[in-house]
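Here the structure is laid out as structure tokens; the discussion comes afterwards.
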Amino acid sequence: MRFPRILSPRASLGLLLAIGASLVIAPSHAQTFDPRYPVCMHVYSGANGGGGEWYDCSFTSIPQCRATAWGRAAICDLNPYYPVDAPPQRLRHRRTG
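FYI, in mature numbering (1 follows the signal peptide of the UniProt record, and there is no 0) the residues of the sequence shown are -30 to -1, 1 to 67.
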């Protein structure tokens, strides 16, 4: 007894390409961290809260973030995407003479 083929090789290849194209074309997520601010608050919303966890990167200092996070399931961290200035280069003195 032979089992019937469900999809031909050509049809399965087409299906695979269609799935791959839909993954590429699907909208991407917005950037999680706002690089304009140095501090982010990571808010945890549990299963009973109805939402997932999210970041609020709109703080200029850790104390400002902690004041907002007080009483919530949240922590404050430095923003990993905030551009930190490179340390200044040391001037080299040339010896004359």
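For each residue, glycine too, the CB sits at the ideal point set by N, CA and C. These numbers come from a predicted model, not from an experiment.
1. Can you check whether the CB of Y7 is closer than 7 Å to the CB of F29?
2. Could you check if V54 is buried or exposed, using at least 16 other CB atoms within 10 Å of its CB as the buried criterion?
3. If we count the other Cβ atoms within 10 Å of its Cβ and call it buried at 16 or more, is A37 buried or exposed?
4. Rounded to a whole number of angstroms, what is the C-alpha to C-alpha distance between V13 and P(-22)?
5. Give the straight-line distance between the Cα atoms of I(-25) and E23, rounded to the nearest whole angstrom.
6. DSSP state of A37, grouped into three classes?
7. Identify the continuous beta strand (DSSP E) that holds Y25 and give its terminal residues.
8. Leaving aside the five residues before and after C35 along the sequence, list all residues of the same chain whose C-beta is less than 8 Å from its C-beta, in chain order.
Concretely, from the data shown:
1. It is a contact, given that the beta carbons lie within the stated cut-off.
2. Exposed, since its Cβ has fewer than 16 Cβ neighbours within 10 Å.
3. That one is exposed.
4. For V13 and P(-22), the gap between their C-alpha atoms comes out near 48 Å.
5. Answer to the nearest angstrom: the Cα atoms are 42 Å apart.
6. Annotated three-state conformation of A37 is helix, per DSSP.
7. Boundaries of the beta strand (DSSP E) harbouring Y25: 24 to 29, taken from the DSSP string.
8. The residues are V9, C10, M11, F29, C46.
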